[in-house]
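Remarks on the structure that follows.
Protein chains in written order, with UniProt numbering: chain H, 1 to 354; chain L, 1 to 354.
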């Protein structure tokens with residue numbers, strides 16, 4: 001029997017393979033799927049493992065403890081196409097936070113809740129993940145019920161919008177507080193006719209943001225009649241909705257928008273009329289997406305603390321994985337108004353920021 | 001022994017669990033990790049499986065065949081923060097294409113090549129993936145060598161920029177052809193003084209795009225002296241570089257840019273001078289990122305066919321997984337000039353497009 005190699009570095013699978021004169025894959029099989037090897041080959045590899053004092057990584061040990069160290073996450077429809085979307089940034093933050101805890105993310109495409117549940121079933125039945133992080137929530141959400149019934153560890157970024165028969169851990173951003181702060185911000189700059197551009201009624205997140213605007217208007221005694229409009233998300237929709245408001249006899253001087261895309265649309269409508277965004281008309285968006293710093297002047301927006309939310313999502317789902325009976329945690333996070341040139345003409349231009 | 005339930009639907013794990021009066025997780029264990037169950041429990045579950053005629057999904061069968069049906073992919077640094085980046089769109093396309101072939105994507109964070117290799121080692125040693133898709137390539141790329149040496153199936157979106165001792169499958173976009181076509185497009189509209197805004201020398205992709213511009217200038221007899229500048233990627237950098245060129249005695253009337261972010265920066269510099277983009281100065285970017293349709297006028301750009309590339313990446317890596325000795329495939333894809341208002345003032349405004 002040969003002596004262990006005198007190497008200061010920890011022996012690797014590669015060194016074991018060389019020592020046993022087998023391929024890398026054969027060593028991997030010996031450690032993970034020994035039944036695939038001929039008994040004499042297996043014996044030879046295991047002898048090399050012992051000779052070299054090879055120790056599998058933490059991950060490999062975890063595998064034998066039947067944990068996958070993987071969290072499932074549905075791939076977002078946005079995929080960088082919807083420029084105002086926060087999903088890509090959240091996924092990146094989630095992957096980084098998971099890595100810091102020794103976890104990877106299984107990303108899967110799914111088209112709607114039912115399809116996402118089919119993927120849950122697939123991944124769970126294969127034992128391919130330890131738990132899931134959900135993105136977004138809405139009424140009649142069948143996903144949380146499916147996971148809760150089966151005691152699959154999960155956490156949701158997005159609150160339950162109705163009473164559920166079961167409890168689960170979730171985090172959410174307080175949209176109401178966000179538009180309340182945005183409206184106060186515009187009123188503090190002297191605006192009285194503040195419009196709201198929202199999503200169609202029935203969108204839980206959109207209605208929450210609308211309610212925050214209404215609460216601020218009531219608190220500050222601002223008019224809202226004829227100043228609130230709703231439309232689909234998108235720059236073009238924002239332009240059309242804002243144009244209709246600006247055509248009125250008493251047009252608004254400021255706009256609170258349910259999203260950054262809508263707000264950029266408002267900016268286009270204002271510029272089409274030869275007015276200056278920031279100086280003549282103030283605009284504030286929601287999400288502080290990358291869009292906000294692309295336009296000129298830069299767009300004020302309500303920022304969601306995605307990095308910290310992603311980190312907490314990982315912490316919470318790992319808690320459930322470690323102990324499926326651990327207490328449920330729920331948390332509503334306050335967003336922050338980021339003031340830029342679109343609502344504050346004294347703010348430096350975006351080029352000076354970069 | 002009870003009769004199978006008369007259900008038109010395929011029996012599910014849940015039905016098996018109910019029938020055997022055990023939890024969902026216990027059924028999953030019986031199928032995937034039978035050694036974790038007490039023999040009598042295992043026997044009860046397997047009887048229920050037989051009674052109901054339960055058939056594991058394709059995925060569960062694959063698990064037993066020792067394939068993971070997972071492809072590894074490094075999470076991009078962009079994460080929606082770099083608004084002109086194509087990584088998010090590629091990842092989405094990759095996940096969709098993988099799903100169509102019954103595969104999921106394991107996304108992992110990594111900070112540089114060495115760290116990415118550490119993640120390869122971790123995932124391969126755990127038997128957690130069947131192969132990898134790499135994004136981006138550069139000289140002295142240690143990742144491809146690591147994977148090739150170990151016969152780990154992979155494909156690279158990004159060509160080898162030097163001769164390697166081993167062969168592997170890759171796809172890439174022809175950046176040279178892209179800027180060549182972009183420069184011809186501007187010259188066809190009558191521009192003679194066409195500037196190029198590039199990345200610092202030594203970036204393989206940047207140098208390739210620069211060479212395409214030079215080739216077009218030579219072909220068309222356009223001047224290039226004093227018309228090419230280089231800087232880091234970003235809107236602010238684009239603005240500063242373009243401002244310096246526009247201050248010259250003989251400023252350019254058109255700009256070919258190495259990225260959309262640089263091109264948006266050029267648009268800002270042009271507007272600062274009270275000139276109209278599209279009418280007075282033409283601008284074209286590269287990548288056709290979401291940025292291109294946010295600005296006004298919309299930005300002309302060179303489009304990479306990411307969806308088709310992602311699909312081919314999945315096809316090629318699955319080929320290697322099925323047969324590690326299968327032939328290596330390499331392919332350079334031609335990008336396409338997408339003309340919009342920034343280089344063609346007759347083009348409809350972005351609002352009309354939406």
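Yeah, the Cβ is synthetic: ideal placement off N, Cα and C, and Gly gets one too.
Item: Is the CB-CB distance between residue 16 of chain L and residue 54 of chain L below 9 Å?; Value: yes
Item: Mapping the DSSP letters down to three states, classify residue 164 of chain L as helix, strand or coil.; Value: coil
Item: Below 8 Å on the Cβ atoms is my contact criterion, and I expect residue 194 of chain L with residue 245 of chain L to pass it. Report the Cβ-Cβ distance as a whole number of Å.; Value: That pair is no contact at about 11 Å.
Item: Output needed in chain order: residues of the region 104-118 of chain H with a Cβ under 7 Å from some Cβ in chain L.; Value: 104, 105, 106, 107, 108, 109
Item: Which residue's Cα is closest to the Cα of residue 290 of chain H: H:36, H:18, H:51, H:87?; Value: H:87
Item: How many Å lie between residue 67 of chain L and residue 72 of chain H at the Cα?; Value: 18 Å
Item: Hey, is the region 329-344 of chain H in contact with the region 118-133 of chain H, meaning 3+ C-beta pairs nearer than 8 Å?; Value: no
Item: Measure from the alpha carbon of residue 109 of chain L to the alpha carbon of each residue in H:259, H:205, H:108, H:99, then state which is nearest.; Value: H:99
Item: Runs of 4 residues minimum, wholly inside the region 181-236 of chain H: which ones carry the alpha helix (DSSP H) assignment?; Value: 204-220
Item: Could you say if the region 309-325 of chain L and the region 90-107 of chain L meet the contact criterion of at least three C-beta pairs nearer than 8 Å?; Value: yes
Item: Taking the Cβ atom as the reference point for each residue, do residue 125 of chain H and residue 160 of chain H lie within a distance shorter than 9 Å?; Value: no
Item: Does DSSP classify residue 13 of chain H as helix, strand or coil?; Value: helix
Item: To the nearest angstrom, how far is the alpha carbon of residue 196 of chain L from that of residue 253 of chain L?; Value: 11 Å
Item: Touch check for the region 261-280 of chain L and the region 295-303 of chain L: three-plus C-beta pairs under 8 Å?; Value: yes
Item: Can you check whether the C-beta of residue 166 of chain H is within less than 9 Å of a C-beta belonging to chain L?; Value: no
Item: Taking only three categories from DSSP, how would you classify residue 22 of chain L?; Value: coil
Item: Note down, in chain order, each residue of its chain lying with its Cβ closer than 7 Å to the Cβ of residue 310 of chain L, except the 5 sequence neighbours on either side.; Value: 90, 93, 94, 97
Item: In the DSSP assignment, what residue or residues form a beta bridge with residue 170 of chain H?; Value: H:156, H:330
Item: For residue 266 of chain L, which beta-bridge partners are listed by DSSP?; Value: Paired residues: none, contrary to the question.
Item: So residue 185 of chain L and residue 208 of chain L are supposed to be a Cβ contact under 8 Å. How far apart are they, rounded?; Value: The Cβ separation is near 18 Å, so there is no contact.
Item: What residues of chain H sit near residue 247 of chain L, judged by a beta carbon separation below 9 Å?; Value: Result: empty, since nearest Cβ-Cβ is about 15 Å, beyond 9 Å.
Item: Just to confirm, are residue 171 of chain L and residue 155 of chain L a CB contact at a threshold of 9 Å?; Value: yes
Item: Closer than 9 Å between beta carbons: that is the criterion. Which residues of the region 277-305 of chain H meet it against chain L?; Value: 289, 290, 291, 293, 294, 295, 296
Item: DSSP beta-bridge partners for residue 254 of chain L?; Value: L:194, L:282
Item: Listed in chain order, which residues of the region 266-277 of chain L have Cβ atoms closer than 7 Å to some Cβ of chain H?; Value: 268
Item: Using only the alpha-carbon positions, how far apart do residue 222 of chain H and residue 231 of chain H sit?; Value: 22 Å
Item: So the candidates are H:25, H:24, H:20; which of them puts its Cα closest to the Cα of residue 44 of chain H?; Value: H:20
Item: Confirm, please, whether the CB-CB distance from residue 319 of chain L to residue 169 of chain L is below 9 Å.; Value: yes
Item: Should residue 292 of chain H go down as buried or exposed, given a rule of 16 or more other Cβ atoms within 10 Å for buried?; Value: buried
Item: In chain L, which residues lie with their C-beta within 9 Å of the C-beta of residue 336 of chain H?; Value: By Cβ distance, chain L contributes nothing, its closest Cβ being about 17 Å from residue 336 of chain H, past 9 Å.
Item: List, in order along the chain, the chain H residues whose C-beta lies closer than 7 Å to that of residue 150 of chain L?; Value: 24
Item: DSSP has residue 287 of chain H in a bridge; who is on the other side?; Value: H:303
Item: Within the 9 Å Cβ cut-off, does residue 95 of chain L reach chain H?; Value: yes
Item: DSSP state of residue 74 of chain H, grouped into three classes?; Value: strand
Item: Since residue 75 of chain H and residue 107 of chain H are thought to touch, with beta carbons under 8 Å apart, how far apart are those beta carbons, to the nearest angstrom?; Value: 5 Å
Item: Residues of chain L with CB closer than 9 Å to the CB of residue 341 of chain H, please, in chain order.; Value: Those do not exist, as residue 341 of chain H stays about 13 Å from chain L at its closest Cβ, beyond 9 Å.
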